[in-house]
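Note that the sequence shown ends on residue 67 in this note's numbering; no numbers are left out.
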Amino acid sequence: MNDINIDLLTHLAIYGLIGYMLFVIAMVAKESNVPRIGKIWMFIVLGAGFSGWVVKDIMTITLL
Numbered sequence: 004m005n006d007i008n009i010d011l012l013t014h015l016a017i018y019g020l021i022g023y024m025l026f027v028i029a030m031v032a033k034e035s036n037v038p039r040i041g042k043i044w045m046f047i048v049l050g051a052g053f054s055g056w057v058v059k060d061i062m063t064i065t066l067l
């Protein structure tokens, strides 16, 4: 029980929050009745905020 990996839990929590943010973006896009290109831009612009974290994780995993 004392061998809980804090780094793993942190990554899981952050990816959970990213998934929730994607869900919120999808719900806002659905309820606002924007065209398809507007939905795409919503995901691109709002998704740019967490893309740095994902890229950093991918680079960390591949370089280790």
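All C-beta atoms in this analysis are idealised placements derived from N, C-alpha and C, irrespective of residue type, glycine included. This one's a predicted model, so the numbers in the text were calculated from it and none came from an experiment.
Same chain, Cβ closer than 8 angstroms to residue i, five either side skipped, listed in chain order
{"i": "Gly19", "result": "none"}
{"i": "Asp60", "result": "His14"}
heavy atom of the ligand NAP below 7 angstroms from residue i C-beta
{"i": "Val31", "result": "Among the components of this structure there are no ligands whatsoever, and the ligand NAP is therefore not found."}
Cβ neighbours of residue i in the same chain (closer than 7 angstroms, five flanking residues each side left out)
{"i": "Leu12", "result": "none"}
{"i": "Lys42", "result": "Ala32"}
Distance CB(residue i)-CB(residue j) smaller than 8 angstroms
{"i": "Met24", "j": "Ala32", "result": "no"}
{"i": "Ile28", "j": "Leu49", "result": "yes"}
Q: Say whether the region 14 to 30 touches the region 53 to 66, bearing in mind that this needs 3 or more beta-carbon pairs closer than 8 angstroms, one atom from each stretch.
A: yes
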